[in-house]
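Same order as they appear, the protein sequences are chains A and B. Under my numbering, the first residue of the first sequence carries the number 81, and numbering increases by one thereafter. Under my numbering, the first residue of the second sequence carries the number 2, and numbering increases by one thereafter. Note that CB positions come from ideal geometry on N, CA and C, so glycine has one too. A quick write-up on the structure given underneath.
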Amino acid sequence: MRPAPTAAGNTATGNTIVVGMVSSLNGDLKPWGDDSAKGGQLAVEEFNKMNPDGIGGKKIDFRIADSNSKPEQGKSAAEKLMSDGAVAIIGEVASGITAQMAKAAFDKGVPVIAVGATRTDLTDIGTNVFRVCYTDAFQGPVMAKFAYDELSKKKAAIITDIKQPYSVGLSQSFKDAFVKAGGTIVDEESYNSGDTQFSGQLTKVKAANPDVIFMSGYFNETGPLARQARDQGIGMDVPLLGGDGWDSREILNSGGAAILGSFFCNHYNNKETRPEVTDFLKKWKAKYGTEPGTTMGALGYDGTMLTLQSLKAAKGPDSKDLIDALENTENFPGVSGSISLKGMGGSPHKRALVVELTKDGQVFRKAYEWNDIYPATAAPNTP
Amino acid sequence: MTTALHLVAGLDFNTLPQQLVNGLLLGAIYALIALGYTMVYGVLKLINFAHGEVYMLGGYVALFVSYYLGFRPDKVGPTHSSIWNLLIMLVACMVICSLVGVAIERFAYRPMRSHSRIASLITAIGVSLLLQYGGALFLPNSPPPSISELVNPYHGQSKDFTLVAPPASLKATVDSLKPASDLAAANYKSWLDSHPGADTYNLPKDGDALKHAAQDAKGKYEDAQHKLDTGGVRLIIQTGQAVMLISTIVLMGALTYMVLFTKRGRAMRAVSHDFDSASLMGVNVNSIVLFTFILGSSLAGAGAMMTATFLGTPLTTFYGLVPGVKAFTAAVLGGIGNIPGAVLGGLLMGMAENLVVWAGYSNYRDAIAFVVLIIVLLFRPGGLLGSSKVEKV
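Structure below.
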C-alpha cells in the first residue's frame, strides 16, 4: 500500500503556476537529460499554444533544474524548485535520482512525474509518485520472453552494473522471468559504472558457455562490454540483450561491429507510424532541427504534457488537486503509447518494443503489450 | 556428467591463466597513471588530484586526432588503419598532456608553493573539478563520443594459445550435431523462400515451428561448440592489448632510464630528497618540477590514448575519475613517492581485481583494491616499497 503524503504541497499564487523539471543536463546521463528537457520545453510550448490564457488565467512558469546525473543533486534541485513554489516536479530519466527526489517531494506533498525511471518499486514511495514509462517488472520479462521464445535461447549469463539500482532491479526481473520460462542462468557478473576493463568478468562468462548474455547496465559501459566480449572469444552466435538503458546512438559507435545483432527493450521508436509519433516528430524537427536521439525526448514530452493537462483538469492549481487529477488519468494519448494511471499505483501498463541494433540503427522487431507478459489481471505492481 | 576436475572449491582453474593475463594488462595501465601521482608527490609532496583529469584530456586528444585522421563516426572514412596512426595519436596525446600538466603546475600549483601544503591540496582538488565541469562546456560529451574501432589496426585480431587441448570427445559431439543443425536450417530457409516478405518475428504457426526447430538444432550445435571452445586451457591475447602492454613497458623503461641515468634525473632525485638543499646546490628547482609534470602527464596521456583506443570506452569529462582513484590507490599501495612502488602497486591491484572476479565475487572488484591497501598500510604504513618517516608535530 502506498502511503499518502500528509503535507499540503504547494499552491500557485499570483498569475503564474510554477511547474518544475529536474533533468540530467550534465554528467553521465546527459544525452537523456538533454532530450528529456527538450521534450518538456516542446510540451510547454504546445500547451501554451493550445491554451493562450493559461490555466484559469495563470500562465505556466516552466523551470528546469540540473541534477548533474547525481541523486543528491537531483534531490537538492527538486527541493529548490519546491521552495520556489513548484506545484509538480517532472523527472528524472534514471531511477536512483528519481527515488531521492520522490522522497523529498513526499515530505512536501508535491507530485513527482518520473520520465524514464523504470525501477519497479519506485512508485511505492508514496501516492504522489507517478511515471509515464513502463517498469523493470515489465521490460525484464519482455526480454526474457523474447530470448526464450523468439531466439530459442536456453542458457543466459547476466552482467549487472551494481552501482545502478536500475540495473540491479532489471537483472533480477529478467532472471526471474527467464528461469520461470524454463531457461537457466549460467553465470552472474557485475561491474561498476565508470569501469573500462571487463575482461575478468567476460572470461568467467565465456567459461560458463551461455547462449545469450543480458547486460542490464547503461550504454556507456555496454559498448565496451560488447567489444571486449567478442575480443574474449564470445562469438557473434551469442546475442547480447539489454533494457532501455541502451538507448543511445552512441552505442553503435562504442560497441562497433561487436554490438550488431543485439536486442534491447525500448519505450518508443522514431520509425513508428502512429499519428502521435509522426506528429511529435514533426514538431520536434521544427523546433530542434533533428530527430530526438533517445526515447527520453518522447517520454519527457509525455510527462510534461500529462502534468499540464492534469493541471488543467484539476480542481485547483495546487499539488493536492493535481495528485488527484493525475491519479484519475485514463487513456492519455502519449507519444510513447496510451497512459492510464487510475488504480495503477502510479505505474501505467505501457507497451514495450524490442529493437535490434543493426548497421542502419535501431530496427523494430516485436512489440509486447502488458497482456502478452501478464495474461492474468494480477499485476506485480497493482496495490 | 563427468566431474569437472578443474573445478576445485568452485574455482575454475582452466581460466586462471587468462585471468592473470587480464590482471597484468589492467595493472599495467594503473601503473602508468600511478607513476604520475608518485613522481609529483616525490618532488613536491603534493597529491596532484588533477592527474586523473590530465588522463581524461588525453582521451579527448586521442579522439580528436582520430577524427583528424578521418575516423569519424558520422561519415565514411578510411576502413584500414596502420600503426603510424596509432603512433601519431600516442605522440599527440603525450605532447598535449605534458603541456596541460605544465600549465597546471605553472598557474595553479607554483603560486601556492610557498603556502601551506593543505592550500596546494585544495588547489589540486579545485583544478580537478574545474577540468571536469569546465571541460564539459567545451568538450563533446553528449552523447559521450568514443574512438572508432577502425583506427586500431589490430581490432578483432588476437593470438590464441592452447595450453591444454580439450578432450577429443567434445569435438566428436560437435561433428555429430552439425548435420541436424544444417538440415533444420535448410527446412526453415526453404519455408521462408516460399513465403517472401514474412516477418520472422511474427510467423504463422507452421513457419514458427520450423523456425524453432532450426533455432533449437543450431543452439545444440553451438552449445557443443562453446563447450569445445572452453573445454581446454586457452589463453586469448588481443594483439591490440599486447601492443598496449609492450608500449607500457617501453615507456616505463624509458622513464627508469631518464630518472636513473641522466643528469636531469639525478637532479630530480635530489629535489625529491630535499627540496631546499637541492636548490641551494644549484639545481634549478622550477625546471625540475616542470620536468616531473611533463613526464607524469605524458605517461597519463599515453595511458588514456591506449585505453580509449583499445577498449572503446565512451569519453565524458569524468573519464579520469575512476582510473585516477585506482591509480592513486596503487601509488599509495606501492609507497607514494617511490617509482618502482607505483608499478608494483598498479600490477598488484590489477591482479587482485581480476583474481576476485575469477573467484566469483565480481561485485567486490572495486572493494578489493582498498582492502589490500588497508592491510598493507596496517603492516607497512609507508606502502610496500615506501619508507615511513615519523613526522614531527
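| request: Would you decide whether SER388/B is buried or exposed? Buried here means 16 or more other CB atoms lie within 10 Å of its CB. | output: Residue 388/B sits at position 387 when you count from the first residue of the second sequence. With fewer than 16 other Cβ atoms within 10 Å, it is exposed.
| Whether GLY280/A touches GLN239/B by CB criterion (8 Å) | Taking the first residue of the first sequence as position 1, residue 280/A is located at position 200. Taking the first residue of the second sequence as position 1, residue 239/B is located at position 238. No, Cβ-Cβ distance for GLY280/A and GLN239/B is not below 8 Å.
| Hey, LYS225/A and HIS347/A: beta-carbon distance below 8 Å or not? | Mapped onto the first sequence, residue 225/A falls at position 145. Mapped onto the first sequence, residue 347/A falls at position 267. Taking the C-beta atoms as reference points, HIS347/A is found no nearer than 8 Å to LYS225/A.
| message | Tell me which residues share the same chain as PHE276/B and place their Cβ nearer than 7 Å to its Cβ, disregarding the 5 neighbours each side in the sequence. | response | As a position in the second sequence, residue 276/B is number 275, starting the count at 1. Excluding sequence neighbours, PHE276/B sits near VAL286.
| query | Where DSSP assigns a beta bridge to ALA182/A, which residues make up the other side? | reply | Reading the first sequence from its first residue, position 102 is the one you call residue 182/A. Bridge partners of ALA182/A: none, in fact.
| query | How do the segment 108–126 of chain B and the segment 86–99 of chain A stand: do at least 3 beta-carbon pairs fall below 8 Å, yes or no? | reply | As far as the Cβ criterion goes, the segment 108–126 of chain B does not touch the segment 86–99 of chain A, which means the pair count is below three.
| Alpha-carbon spacing of LEU193/B relative to SER147/B, whole angstroms | The residue labelled residue 193/B in the question sits at position 192 within the second sequence. The residue labelled residue 147/B in the question sits at position 146 within the second sequence. Distance between the alpha carbons of LEU193/B and SER147/B: 39 Å.
| request: Please state whether DSSP places ARG82/A in a helix, a strand or coil. | output: Residue mapping note: residue 82/A aligns to position 2 of the first sequence, counting from 1. Correct three-state label for ARG82/A: coil.
| task | Run the proximity test for VAL192/A: is its beta-carbon closer than 7 Å to any non-hydrogen atom belonging to the ligand SAM? | result | Absence of the ligand SAM is noted for the structure shown, with no ligands found whatsoever.
| field | N-terminal and C-terminal residue of the alpha helix (DSSP H) that LEU406/A is part of | value | Position 326 of the first sequence, counting from 1, holds the residue named residue 406/A. Unbroken alpha helix (DSSP H) run through LEU406/A: 399–407.
| Who are the Cβ neighbours of LEU140/B in its own chain at under 7 Å, not counting the five residues just before and after it? | Position 139 of the second sequence, counted from the start, is the residue given in the question as residue 140/B. Around LEU140/B: TYR61, THR318.
| request: Measure the C-alpha to C-alpha separation of ALA331/B and MET350/B and round it to an integer number of angstroms. | output: Within the second sequence, the letter at position 330 stands for residue 331/B. Within the second sequence, the letter at position 349 stands for residue 350/B. When rounded, the distance between both Cα atoms is 6 Å.
| field | Selection of the segment 168–202 of chain B by Cβ proximity to chain A, strictly under 7 Å | value | Within the segment 168–202 of chain B, the qualifying residues are TYR202.
| query | With distances taken from CA atoms, which of LEU26/B, ALA353/B, GLY304/B, LEU164/B is nearest VAL55/B? | reply | Counting from one through the second sequence, the residue named residue 55/B turns up at place 54. Ranking LEU26/B, ALA353/B, GLY304/B, LEU164/B by CA distance to the CA of VAL55/B puts GLY304/B first.
| task | Please check the pair VAL285/A and GLU269/A, which I expect to be a contact at CB under 8 Å, by giving their CB distance rounded to whole angstroms. | result | Along the first sequence, read from residue 1 onward, the residue named residue 285/A stands at position 205. Along the first sequence, read from residue 1 onward, the residue named residue 269/A stands at position 189. About 6 Å separates the CB atoms of VAL285/A and GLU269/A; that is less than 8 Å, so the two are in contact.
| said: So PHE1/B contacts chain A; which residues on that side make the cut at Cβ distance below 8 Å? | reply: It is not possible to answer for residue 1/B, since the shown part of chain B is limited to 2 through 394.
| task | May I have a chain-ordered list of the beta strand (DSSP E) segments no shorter than 3 residues that lie completely inside the segment 406–436 of chain A? | result | DSSP runs (the beta strand (DSSP E)) wholly in the segment 406–436 of chain A: 412–414, 417–419.
| LEU379/B versus LEU385/B - alpha carbon distance | As a working note, residue 379/B is residue 378 in the second sequence. As a working note, residue 385/B is residue 384 in the second sequence. C-alpha separation (whole angstroms): 11 Å.
| message | With a threshold of 7 Å on Cβ separation, who are the neighbours of LEU122/A within its own chain once the five nearest residues in sequence on each side are excluded? | response | Taking the first residue of the first sequence as position 1, residue 122/A is located at position 42. When the five nearest sequence neighbours on each side are left out, the beta carbons in the same chain lying within less than 7 Å of the beta carbon of LEU122/A are those of LYS363, TRP364, LYS367, TYR381, in order along the chain.
| Interface residues of chain B facing LEU437/A [CB-CB closer than 8 Å] | As a first step, residue 437/A is located in the first sequence; it is residue number 357 there, counting from the start. Those do not exist, as LEU437/A stays about 14 Å from chain B at its closest Cβ, beyond 8 Å.
| task | Answer yes if the segment 150–165 of chain B comes into contact with the segment 160–178 of chain A, meaning at least three C-beta pairs across the two stretches below 8 Å, and no otherwise. | result | Not touching, per the Cβ criterion.
| said: For chain B, check one thing: does any of its Cβ atoms lie closer than 8 Å to the Cβ of LYS234/A? | reply: Locating residue 234/A in the first sequence gives position 154, counting from the first residue. Cβ-Cβ to chain B under 8 Å: yes for LYS234/A.
| message | With distance defined between alpha-carbon atoms, name the residue in THR438/A, GLY94/A, ILE144/A nearest to LEU105/A. | response | Reading the first sequence from its first residue, position 25 is the one you call residue 105/A. Nearest to LEU105/A by alpha-carbon distance, out of THR438/A, GLY94/A, ILE144/A, is ILE144/A.
| Can ASP42/B and GLY338/B be called in contact, C-beta distance under 8 Å? | Numbered from 1 along the second sequence, position 41 holds the residue referred to as residue 42/B. Numbered from 1 along the second sequence, position 337 holds the residue referred to as residue 338/B. First, the amino acid is wrong: residue 42/B is Tyr here, not Asp. Remark: C-beta atoms of TYR42/B and GLY338/B approach each other more closely than 8 Å.
| In its own chain, which residues sit with a C-beta less than 8 Å from the C-beta of THR462/A, not counting the 5 before and 5 after it? | By 1-based counting over the first sequence, the position of residue 462/A is 382. Summary for THR462/A: the model assigns pLDDT 48, below 50, so the residue's position carries little reliability; its value from the coordinates is reported in the next sentence. Residues GLY423, MET424, GLY425 of the same chain have their beta carbon placed closer than 8 Å to that of THR462/A, with the five preceding and five following residues left out of the count.
| Sequence ranges, beta strand (DSSP E) only - wholly within the segment 262–331 of chain A, length at least 3 | Fully enclosed beta strand (DSSP E) runs of 3 or longer: 264–271, 292–295, 320–322.
| task | Look at the Cβ atom of ALA194/A, then the Cβ atom of PHE218/A, and state whether they are nearer than 8 Å. | result | Residue 194/A sits at position 114 when you count from the first residue of the first sequence. Residue 218/A sits at position 138 when you count from the first residue of the first sequence. No, Cβ-Cβ distance for ALA194/A and PHE218/A is not below 8 Å.
| request: Decide yes or no for the touch test of the segment 67–82 of chain B against the segment 20–40 of chain B: beta carbon pairs closer than 8 Å, at least 3 of them. | output: Contact annotation: the segment 67–82 of chain B does not touch the segment 20–40 of chain B, with fewer than three C-beta pairs closer than 8 Å.
| task | Report yes or no: is there a C-beta of chain B within less than 8 Å of the C-beta of LEU321/A? | result | The sequence position of residue 321/A within the first sequence is 241, counting from 1. By this cut-off, LEU321/A is not an interface position.
| task | Alpha carbon to alpha carbon, how far is ALA360/B from GLN252/A? Give it in angstroms, no decimals. | result | Start at 1 with the first residue of the first sequence, and residue 252/A comes out as number 172. Start at 1 with the first residue of the second sequence, and residue 360/B comes out as number 359. About 22 Å.
| task | Name, going along the chain, the residues of the segment 156–167 of chain B whose beta-carbon falls closer than 9 Å to a beta-carbon of chain E. | result | No chain E is part of this structure, whose protein chains are labelled A and B.
| field | Short CB-CB distance (under 8 Å) between THR4/B and chain A | value | The residue you call residue 4/B lines up with position 3 of the second sequence. Summary for THR4/B: the model assigns pLDDT 43, below 50, so the residue's position carries little reliability, and this model does not support an answer.
| task | Tell me whether GLY89/A sits in a helix, a strand or coil according to DSSP, three-state version. | result | As a working note, residue 89/A is residue 9 in the first sequence. Under the three-state reduction of DSSP output, GLY89/A falls in the coil class, being neither helix nor strand.
| field | Exposure of ILE84/B, with buried meaning 16 or more beta-carbon neighbours within 10 Å | value | For the purposes of this step, residue 84/B is identified with residue 83 of the second sequence, where counting begins at 1. With fewer than 16 Cβ atoms within 10 Å of its Cβ, ILE84/B is classed as exposed.
| Beta carbon proximity, THR308/B to chain A, threshold 8 Å | Start at 1 with the first residue of the second sequence, and residue 308/B comes out as number 307. Under the 8 Å criterion on CB atoms, THR308/B is classed as interfacial with respect to chain A.
| query | Hey, LYS110/A and SER149/A: beta-carbon distance below 8 Å or not? | reply | By 1-based counting over the first sequence, the position of residue 110/A is 30. By 1-based counting over the first sequence, the position of residue 149/A is 69. The Cβ atoms of LYS110/A and SER149/A lie closer than 8 Å to each other.
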